[in-house]
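Residue numbers (my numbering), protein chains in the order written: chain F, 2 to 345; chain C, 4 to 357; chain V, 18 to 517; chain D, 50 to 367. See structure below.
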Ligand SMILES: Nc1ncnc2c1ncn2[C@@H]1O[C@H](COP(=O)(O)OP(=O)(O)OP(=O)(O)O)[C@@H](O)[C@H]1O
Ligand SMILES: Nc1ncnc2c1ncn2[C@@H]1O[C@H](COP(=O)(O)OP(=O)(O)OP(=O)(O)O)[C@@H](O)[C@H]1O
Ligand SMILES: [Mg+2]
Ligand SMILES: [Mg+2]
């Protein structure tokens, strides 16, 4: 059973192992390792990139690519920075509008790819520019006033959440005690990942996403809903990216239409997907795996804070580690005995 | 920190931004202190020079004994990473964190955590839109005003009270870009002259600035004066390439710009150079230590604008004709005892090898 | 006779200016097994794709059980009980066998796919096609081609067809599986399911079908009941002319100098010490059940496999080529298994494909000599009689047989001494097959040597001067001249009794 | 045209892109007419200036096209360009341009090895190498003050003018002729198309696929490096981040020129026109003082709009 899973999810298994080693070592070296404070901090830092990595994964599974994920995240954050404040009702409405906007943007990407018949890479490169433009229109300068309580509640532990909103007797309820030290961002991230992705994976449309990545022609003649799946993939991508944007806005209580940051997020999302073991050609891999990939990416940079490394050598080391990490699986290339298998 | 009455410690160095600025005081601690510098991205000379200045200043005899540990990380333009690094240093028990914020907003959480743990957080250069932390900066609005005043003065001297001006702006959406531009336009509007201003976006980058300036000249013909927020060397390059007559120009403190002004001021390239100094980091560090020692500190510390116009340029003193163009010339702030010359430390090893 | 279950009238379809079907009238009846015959490119696959809702006809109308109708997509056809097994398989390599079997209509629970039920269902239909050895949880990617075809058949069965369409569904099957399919089809027929059956193997058609329709050049030529026409007549209908001898005559056995000597060739688990000698001007057949290492043998000799252990001499020069480019330099050529992904670059032009292997021959210092290229292409088209509008058209516009000729032409341009053919006639019609056999013999007479793997015993018997039979990665039998008989081949393939 | 030359008979993108260039110029001219009453955009001076600054992008795009044709991408262009310029000027003297090209060669080799031998997706390997190069340049600048002044040769190549035309234009033209020849008339060029169409078939046809892939990346690295040397000449110096503005426009130019992003199809003439289109579009938007927000939106819409027009053609013929 486990053997079969490992065989089918080799990349994912390697990613989990790599992450575990890196994360445990980091905590061992940290003066306050294995504490809630450190875990909360680590979790907060990883949410946005985690969501963007998830966003990237869905099109990649289909053999596509979404170069607009960073920009859609930025656009969503800017919308949230305007909308997410006021009464509880207004906050919820604002969050809903934010997610709806990002999701619609993804839907539009899907329409362009399916009915516009434009290669995904270039279509999303272009819509990414449009998203940044819109973000700049909404937020010409960084700022905004996202509800501060919400920011505090969502970027801390379950106890802080309960405490902030006076739930479960201010976090003191007995039933809550086993959970009080769990960081809310972790719950949000994995919760949304599992609640949204796992069921979708078990629908025909969701499975079609994999089928398209594997053999599009065969998927079509088998009567799978190709168009619907493609549109769904980009829509989900937009949804996950806007989750990232919404969280980013809440975390920073502001929005910032930063083009450079958007570009960096997009590129990092691809790196995270690869580190998670999803094939860029599509067909195999998964959203949760990319989440782990994103965590690896993050954990690498944690080390600069606890090790004494010349600050001007840090970018170089970061680059080398990234190269090394993505080359990790390359050893397999040399163990392939039939060279035709190299050309998938 | 608690809000206290002024005046603060060492007011010649830690000058309050304005008379009505409030003062902050932290409980005094005994050193030596653990200090971290959380930088944003590093892919340009200014930041590299800033990091080197910080490292050099941490070794300065004046403060060396007060620092137990000094760590520098660069997080890129990624806001969560920067916030995470700051929080991590708070968790690790650092006493002070100086930082160049990637965004003027969004630091509420780390400010709150820093306060809870009595950690002194000092944003500088790109400061925050908040008065809850102690910050160090030059007055960008004043910089813009001084630029415009200079250009108007030079034009007036040449008998011009109206004309066409070129404004080369910085990164769109950045507050520094906004403030500098506001300062410029404030003065232009107040002057009452009929100024037509052509704005182009140079991104504070020599290449972009050069390209957009060349385009602007090709399309608009001649300008009477130029105000460039950055990439000024590129702007002058474009001017010379296009055979544009030399006109009054206000710009940043790049060594290359100063070289060009020094060489061509007689031909009409009457320039003023005001810099955002990488040496700000040293003042931020010094301010952090002062705060940790329990001194009252102004919430917003104004570092005087390092101004040099074409009459004041002096080779080897405020520009270096034998050094590359990319360095930012102003680094020292004598009133603060900050005497680490940026170009000097940057040039160090090359001087050794030559 | 009852109303036809499917009836097409005046159906036409063209691709980028190529007429694939023209004014076709066609009808199929309930409970019958109906064969569709025709040369490569006759339009058979196009016809069934229209029936299955994959393609939309340009003109004409379709009636289902007498009512006019047309399917918007493959699913609509499936809903009407029309299930199709396509020539290019429709399995998803990265999904499991179970997922593939219930691909578009999986069992659900609470609206979500029920994995357990999926596996049970897969096990059940796999049992129906006697493929209990296939684990429903393996990825299709990891199955051999013949297993995949069986899974494809299982997938079709699992969808409860009322009309089952098989487009060359048996081309890669082993003899045992073919028998299983025969049994299945007759059982389905008894249950009132009608089948449309496309195959280039006449004996299959004769064994299975009760009605036959012949197509040629996109036109429906004739439909008749089994037995109404002789084989020769059918072939004449198909290719529009008389066919004489099926295989060119073999020369008398002579002693031949060896051009290729292989000793103890081993690779992974697939090859366990193959030894063979190929003589100059000889056609050496490779036989055996599918998957006994024949493909790997050819790939190994062509330098594709890593970690091969063997003593090899090509033209007396020792050493195994380490890459195809080096094999080519030593006058080897390989016509690979899958022409669509290995033999051709489908979206490039015919011309571009024809010179793909011979570029270095027509270039000096890396710069291509265009006049020599043009001459080479003209020669290739002429020698192989490739039927193409223009050599600048994409090779994908050619029918399967002509595509295979382009692959052959590509290699002939390198002037090879040793030509390895991996099942070159798979899915190719009789007329084209004959041409390929003729070309093979002609090449051998020119002094070239041919190593020829075929999954069809008849071809080995008809063509090869000598046959080696592989079993479990070893040569178990060598047959020469008159000893090459079906019985001997079958016995050797199963490695029974008197193995050599 | 020979039979091989008509590989991609898709002249449509070329014609459409060319038409759009005229539209851009017309819009820009209407703008300047309405604001200043002049038509500077139609003067040779302006157009030559655009071509001069466009030549850096054009040279990058020429190399990138080879990589895109094999179905890969080179994301390391920005810092290859920068590193070449910075190392070139640091070496200085007559060795400057060769040193810059050597940087490009090395980067191309490493990229090629990573993609062709280690089989790491180019999307990620070249991105990693870009990061490494940035790190190296930060370390180099931080280590000491490298000389950054352009050498006379760089200045001449980038800025001087020959017969009234900028020298950079001649360099671009030379690169263009070389790349166009390489693509259409050499075994290397034809192998690029074959690999981009189906690498497996190309390999089994006995093509040296590994070497060709490495060659494509080397070509891209060399072109980026040459562009870096020229750009250093144009700016009279090399500086951190000078290549940042080139990657996305180069990709856009190649694609707007009709090259298939997935490889196998495309003509060099298209890339040439794509570069001119992108350069003029940027310039006119800048002249119109378009705020960054609208500029991005227009930029994206133009790419999508044009590809939609190209695509509609497909639908009609099929
Ligand atoms: N041979 C083929 N291989 C791959 N894709 C094909 C093939 N033939 C057609 N297509 C494409 O597949 C798509 C049709 O998919 P399908 O009819 O399954 O859509 P759908 O998702 O079911 O749509 P809807 O949700 O509206 O029902 C079309 O875009 C068509 O161009
Ligand atoms: N997608 C396509 N694009 C262009 N031409 C096509 C396409 N599909 C089929 N054709 C052409 O239509 C004609 C009929 O093809 P079809 O596949 O129906 O033949 P077939 O009888 O099935 O041949 P085979 O026995 O080789 O499978 C051929 O000339 C073929 O080249
Ligand atoms: Mg449908
Ligand atoms: Mg067919």
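Where is the CB? At the ideal position from N, CA and C, for every residue including glycine.
Look at residue i and residue j and say whether their C-beta atoms are less than 8 Å apart.
i, j, result
"residue 53 (chain V)", "residue 238 (chain V)", "no"
"residue 219 (chain F)", "residue 106 (chain V)", "yes"
"residue 134 (chain F)", "residue 345 (chain D)", "yes"
"residue 27 (chain F)", "residue 266 (chain F)", "no"
"residue 136 (chain F)", "residue 76 (chain F)", "yes"
"residue 139 (chain C)", "residue 283 (chain C)", "yes"
"residue 326 (chain V)", "residue 283 (chain V)", "yes"
"residue 398 (chain V)", "residue 372 (chain V)", "no"
"residue 179 (chain V)", "residue 55 (chain V)", "no"
"residue 114 (chain C)", "residue 187 (chain D)", "no"
"residue 285 (chain F)", "residue 55 (chain F)", "no"
For residue i and chain V, any beta-carbon pair shorter than 8 Å?
i, result
"residue 312 (chain D)", "no"
"residue 14 (chain F)", "no"
"residue 63 (chain F)", "no"
"residue 211 (chain F)", "yes"
"residue 338 (chain F)", "yes"
With a threshold of 8 Å between beta-carbons, can residue i be considered close to chain F, or not?
i, result
"residue 329 (chain D)", "no"
"residue 50 (chain D)", "The pLDDT assigned to residue 50 (chain D) is 36, lower than 50, so where the model puts this residue is not dependable; a value taken from the coordinates is nonetheless given after this. No, residue 50 (chain D) does not count as interfacial toward chain F."
"residue 367 (chain D)", "Here residue 367 (chain D) scores only 24 on pLDDT, less than 50, and its place in the model is too uncertain to base an answer on."
"residue 112 (chain C)", "yes"
"residue 303 (chain V)", "no"
"residue 130 (chain V)", "yes"
"residue 83 (chain C)", "yes"
Where do the ends of the beta strand (DSSP E) carrying residue i lie?
i, result
"residue 284 (chain V)", "275 to 284"
"residue 264 (chain V)", "No beta strand (DSSP E) holds residue 264 (chain V); DSSP gives it neither H nor E."
Following the continuous alpha helix (DSSP H) through residue i, name the residue where it begins and the one where it ends.
i, result
"residue 417 (chain V)", "417 to 429"
"residue 169 (chain F)", "169 to 172"
"residue 220 (chain V)", "219 to 225"
"residue 117 (chain V)", "114 to 118"
Check whether chain C comes within 8 Å of residue i, counting only Cβ atoms and requiring the distance to be less than that.
i, result
"residue 203 (chain D)", "no"
"residue 150 (chain D)", "no"
"residue 79 (chain D)", "no"
"residue 163 (chain F)", "no"
"residue 18 (chain F)", "no"
Based on DSSP bridge pairs, tell me the residues matched to residue i.
i, result
"residue 104 (chain V)", "In the DSSP output, where bridge partners are listed per residue, residue 104 (chain V) has none listed."
"residue 198 (chain C)", "C:166"
"residue 28 (chain C)", "C:5"
Does the beta carbon of residue i come closer than 8 Å to any beta carbon on chain D?
i, result
"residue 200 (chain F)", "no"
"residue 284 (chain F)", "no"
In chain order, each alpha helix (DSSP H) run of at least 4 residues that lies wholly inside the stretch 185 to 214 of chain D: 201 to 208
Complete beta strand (DSSP E) runs within the stretch 253 to 308 of chain C (minimum length 3 residues, chain order): 274 to 277 and 303 to 305
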